[in-house]
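All letters in the sequence shown, in the order written, are residues 1 to 134 by the UniProt record's numbering.
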Amino acid sequence: MTLGDLGDVAGLIAAIAFVLLVGFLAVPLWKLGRLLDEARLSVRDVTEHSVPILDEAASTVASANTQLVKVDTITTSAANVSENVSALTGLYAATLGKPLVKVAAFSYGVRQAFGTARGRAGRHTDPSTTEAGA
């Protein structure tokens, strides 16, 4: 064997090793390519399914905003009614409250006066009831 033949054999071994290395690297690259294809399909499916959901969510939010405007109107009306009732209550208390308190106080005083007068008259006229009650 000559030195040139050894160089050819070494070149042949290097070429076979390079082919084996390329083969070993090609399998993971092939699998990675299939994985990227599957990922692309998954992203497309997610996009196709999420767009209708987003459209429905947008319409739901728009409907909720419409309802909130109606609730705001109702709340404003309820606040106005509450203010009117409060004003009416204050007017009633100012107009009728003080005179009614004065009438009640007067009637209470009259009842007390009649009760005291009746109690004195009863003691003087019937001494037996005061002794029996004591």
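We put the CB at the ideal spot given by N, CA and C, even for glycine.
Can you give me the C-alpha to C-alpha distance between Val110 and Lys102, rounded to a whole angstrom?
12 Å
Q. Between Val85 and Lys70, what straight-line distance do the alpha-carbon atoms span, to the nearest angstrom?
A. Approximately 23 Å between the Cα atoms of the pair.
Query - Unbroken stretches of the beta strand (DSSP E), 3 residues or longer, contained in the region 21-101 - result: none
Quiz item: From Glu56 to Gln67, what does the alpha carbon distance come to, in whole angstroms?
Solution: 17 Å
Can you give the Cα-Cα distance for Asn80 and Thr95, rounded to whole angstroms? 22 Å
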